[in-house]
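Enquirer: Chains A and B, in that order, give the protein sequences.
Just so it is clear: in the first sequence, position 124 is 124 by this note's numbering, and no numbers are missing.
Just so it is clear: in the second sequence, position 112 is 266 by this note's numbering, and no numbers are missing.
Protein chains: 2
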Amino acid sequence: MTTQSPAVSPLEAHLGYWLRFVSNHISHAFSRKLFARDVTVAEWVFLRELYERDAVAPSELATRLGMTRGAISKLTDRLAAKSLLERTAGGNDRRYQSLTLTRSGRALVPKLAQLADENDEEFFGHLPRTERRMIENSMKEIARRRDLKTIPIE
Amino acid sequence: MTTQSPAVSPLEAHLGYWLRFVSNHISHAFSRKLFARDVTVAEWVFLRELYERDAVAPSELATRLGMTRGAISKLTDRLAAKSLLERTAGGNDRRYQSLTLTRSGRALVPKLAQLADENDEEFFGHLPRTERRMIENSMKEIARRRDLKTIPIE
DNA sequence: TATTGTTATACTCTATAACTATA
DNA sequence: TATAGTTATAGAGTATAACAATA
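1) List, from N- to C-terminal side, the beta strand (DSSP E) runs of 3 residues or more that fit wholly inside the segment 7-88 of chain A.
2) Which ranges would you report for the alpha helix (DSSP H) in the segment 90-150 of chain A if only whole runs of at least 4 residues count?
3) Looking at the C-beta of Ser83 (chain A), does it have a partner C-beta in chain B at a distance below 7 angstroms?
4) What does a CB cutoff of less than 7 angstroms around Met1 (chain A) pick up in its chain, not counting 5 residues either side in sequence?
5) Strictly under 7 angstroms for the Cβ-Cβ distance: is Asp38 (chain A) near chain B by that measure?
6) Between A:Gln114, A:Thr63, A:Arg48 and A:Thr150, which lies nearest to Glu33 (chain A) when the distance is taken from Cα to Cα?
7) Do Arg286 (chain B) and Leu15 (chain A) have their C-beta atoms within less than 7 angstroms of each other?
8) Is Thr156 (chain B) helix, strand or coil when you go by DSSP?
9) Can you give the beta carbon distance from Tyr205 (chain B) to Val162 (chain B), rounded, assuming they're within the 8 angstroms contact cut?
10) Can you check whether the C-beta of Ile226 (chain B) is within less than 7 angstroms of a C-beta belonging to chain A?
11) Closer than 8 angstroms by C-beta to Ser258 (chain B): which residues in its own chain qualify, once you throw out the five before and the five after it? Chain order, please.
12) Could you check if Lys299 (chain B) is buried or exposed, using at least 16 other CB atoms within 10 Å of its CB as the buried criterion?
13) Give a yes or no on whether the C-beta atoms belonging to Tyr250 (chain B) and Ala209 (chain B) are separated by under 7 angstroms.
14) Can you tell me the Cα-Cα spacing of Tyr171 (chain B) and Asp247 (chain B), whole angstroms?
15) Going straight from the alpha carbon of Phe166 (chain B) to that of Phe189 (chain B), what length do you get?
16) Does the beta carbon of Met67 (chain A) come closer than 7 angstroms to any beta carbon on chain B?
17) Are the C-beta atoms of Ile26 (chain A) and some chain B residue less than 7 angstroms apart?
18) Look at the Cβ atom of Phe277 (chain B), then the Cβ atom of Ile142 (chain A), and state whether they are nearer than 7 angstroms.
19) Nearest CA to the CA of Arg37 (chain A): which residue from A:Ala107, A:His126 and A:Gly91?
20) Quick one: list the residues of chain B neighbouring Tyr96 (chain A), beta-carbon separation under 7 angstroms, in chain order.
21) Roughly how far, in whole angstroms, is the beta-carbon of Leu233 (chain B) from the beta-carbon of Glu197 (chain B), given that I think they are within contact range, below 8 angstroms?
22) Would you mind stating whether Leu148 (chain A) and His179 (chain B) have Cβ atoms separated by less than 7 angstroms?
23) Using only CA atoms, which one of B:Gly279, B:His280 and B:Ser292 lies nearest to Gly125 (chain A)?
24) Alpha carbon to alpha carbon, how far is Thr68 (chain A) from Arg87 (chain A)?
25) For Thr194 (chain B), collect the residues of the same chain with a Cβ closer than 7 angstroms to its Cβ; drop the 5 residues on either side in sequence, then sort them by chain order.
26) Are any of the Cβ atoms in chain A nearer than 7 angstroms to that of Arg286 (chain B)?
27) Take the Cβ of Ala243 (chain B) as the centre, count every other Cβ of all protein chains shown within 10 Å, and call the residue buried at 16 or more, exposed below.
28) If we cut at 7 angstroms on Cβ distances, does Asp301 (chain B) have a partner in chain A?
29) Is there a Cβ from chain B that is less than 7 angstroms from the Cβ of Gly16 (chain A)?
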């Protein structure tokens with residue numbers, strides 16, 4: 001040993017380490033799949049949200065996704081440049097915009113969702129259903145206890 | 155409903171979603187704790203690795219942490235500027251450097267490790283030991299099956 | 001020629017804050 | 001004055017690639 005050191009818990013002693021380890025690999029694998037469709041993970045979450053509830057104002061999306069309005073603005077630029085969504089002037093209050101998926105944007109989401117399904121299956125498909133459900137319930141319980149709200153992007 | 159759409163699996167249908175959701179919150183909580191010590195998560199992993207095996211070459215660290223040599227170089231700059239580590243000219247092969255923790259760097263690591271312990275306890279402390287071990291084993295099994303190697307930073 | 005470490009560039013995300021148009 | 005959206009700036013990551021020094 002080169003230096004005398006007090007005992008310190010190793011990185012691998014933490015459950016958070018293992019969660020992050022696996023979670024990051026899953027996200028990267030997913031982002032590689034999305035790359036073939038020229039979409040980032042943040043863009044996927046954005047598109048999926050618009051698919052669910054169309055004609056949303058940027059500020060509402062910012063709240064829902066836990067991002068700043070500036071970040072939403074930049075994401076909107078990129079997605080509009082790819083012709084996946086459109087900005088529309090709002091209704092009565094002319095400060096508000098309305099974000100809507102284009103036809104091609106709407107057509108893309110189910111394909112991306114399938115990539116998400118495949119990715120999940122790749123990593124968890126071998127686990128027994130009960131074990132998967134147990135892990136999912138543990139995560140939901142942590143989210144509930146700590147009152148976690150915003151959707152994770154990274 | 156504003157638009158007719160084919161059924162698409164929601165984000166929350168994926169176990170990967172919940173893992174990322176919780177994992178990102180855990181990391182952010184940890185990074186807020188580290189912030190009080192003026193250290194980022196990437197710097198923590200870096201310091202923890204040097205604590206374990208001192209006098210490592212940057213290129214070896216890059217391999218071990220799954221980062222590029224450029225990224226290691228930048229991190230080394232920052233940590234050296236904080237006087238937490240030192241670059242030393244190598245031995246026979248003068249291309250190699252040797253990275254070593256300073257006295258203050260070595261003194262800091264146990265304090266950061268305690269923050270990591272506290273963070274893990276905050277999020278998982280309420281779970282029964284058997285459940286914690288089960289999740290940890292599931293994650294390790296996924297890492298083993300998929301041959302995952304690099305340490306996660308984000 | 002190959003390798004080590006540095007540097008430059010570009011990209012995606014983060015955050016804060018200034019700015020405009022509108023209410 | 002407050003709010004919606006844009007823009008600018010800075011920082012922490014990622015990646016690729018060029019480069020000097022050394023082997």
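We put the beta carbon where it would ideally sit given N, CA and C, even for glycine.
Expert: Straight from the coordinates:
1) Those beta strand (DSSP E) runs which fall completely within the segment 7-88 of chain A and span 3+ residues do not exist here.
2) The segment 90-150 of chain A contains, as complete alpha helix (DSSP H) runs of 4+ residues, the segments 103-124 and 129-146 (chain order).
3) No, Ser83 (chain A) does not count as interfacial toward chain B.
4) Bear in mind that the predicted position of Met1 (chain A) carries a pLDDT of just 49, short of 50, making it too unreliable to give a figure here.
5) Chain B, which has no Cβ nearer than 7 angstroms to the Cβ of Asp38 (chain A), makes this no.
6) Checking the sequence, you will find Lys at residue 33 (chain A) rather than Glu. Answer by Cα proximity: A:Gln114.
7) Yes, the pair counts as a contact, with Cβ atoms nearer than the cut-off.
8) Reliability fails at Thr156 (chain B), whose pLDDT of 49 lies under 50, so the model's placement of it is uncertain and the value that follows must be treated cautiously. Note: Thr156 (chain B) maps to coil in three-state DSSP.
9) In this structure Tyr205 (chain B) is not in contact with Val162 (chain B), their Cβ atoms being roughly 47 angstroms apart against a cut-off of 8 angstroms.
10) False, the Cβ-Cβ gap to chain A never drops below 7 angstroms.
11) Cβ neighbours of Ser258 (chain B) beyond the five flanking positions: Ser237 and Leu238.
12) Going by the sequence as given, residue 299 (chain B) is Arg instead of Lys. With fewer than 16 other Cβ atoms from the protein chains shown falling within 10 Å of its own Cβ, Arg299 (chain B) counts as exposed.
13) Between Tyr250 (chain B) and Ala209 (chain B), the CB-CB gap reaches or exceeds 7 angstroms.
14) Near 47 angstroms, if we compare the C-alpha coordinates of Asp247 (chain B) and Tyr171 (chain B).
15) Per the sequence shown, residue 166 (chain B) should be read as Glu rather than Phe. Per the coordinates, the alpha-carbon of Glu166 (chain B) lies some 31 angstroms from the alpha-carbon of Phe189 (chain B).
16) Look at Met67 (chain A): its C-beta is not under 7 angstroms from any C-beta on chain B.
17) At least one beta carbon of chain B lies nearer than 7 angstroms to the beta carbon of Ile26 (chain A).
18) Their beta carbons are under 7 angstroms apart, which means Phe277 (chain B) touches Ile142 (chain A) by this criterion.
19) Measuring from the Cα of Arg37 (chain A), the nearest candidate turns out to be A:Ala107.
20) Ordered by position in chain B, no residue passes the 7 angstroms Cβ test against Tyr96 (chain A), which lies about 16 angstroms from the chain.
21) Yes, Leu233 (chain B) and Glu197 (chain B) are in contact; Cβ-Cβ is about 6 angstroms, under 8 angstroms.
22) Contact flag set, yes.
23) For Gly125 (chain A), the closest of B:Gly279, B:His280 and B:Ser292 by C-alpha to C-alpha distance is B:Ser292.
24) Counting only the Cα atoms, Arg87 (chain A) lies some 18 angstroms from Thr68 (chain A).
25) Same-chain partners within the cutoff: Ser185 and Leu188.
26) Taking CB atoms only, Arg286 (chain B) has a neighbour in chain A less than 7 angstroms away.
27) Result: exposed.
28) False, the Cβ-Cβ gap to chain A never drops below 7 angstroms.
29) Judged by the 7 angstroms Cβ criterion, Gly16 (chain A) is in contact with chain B.
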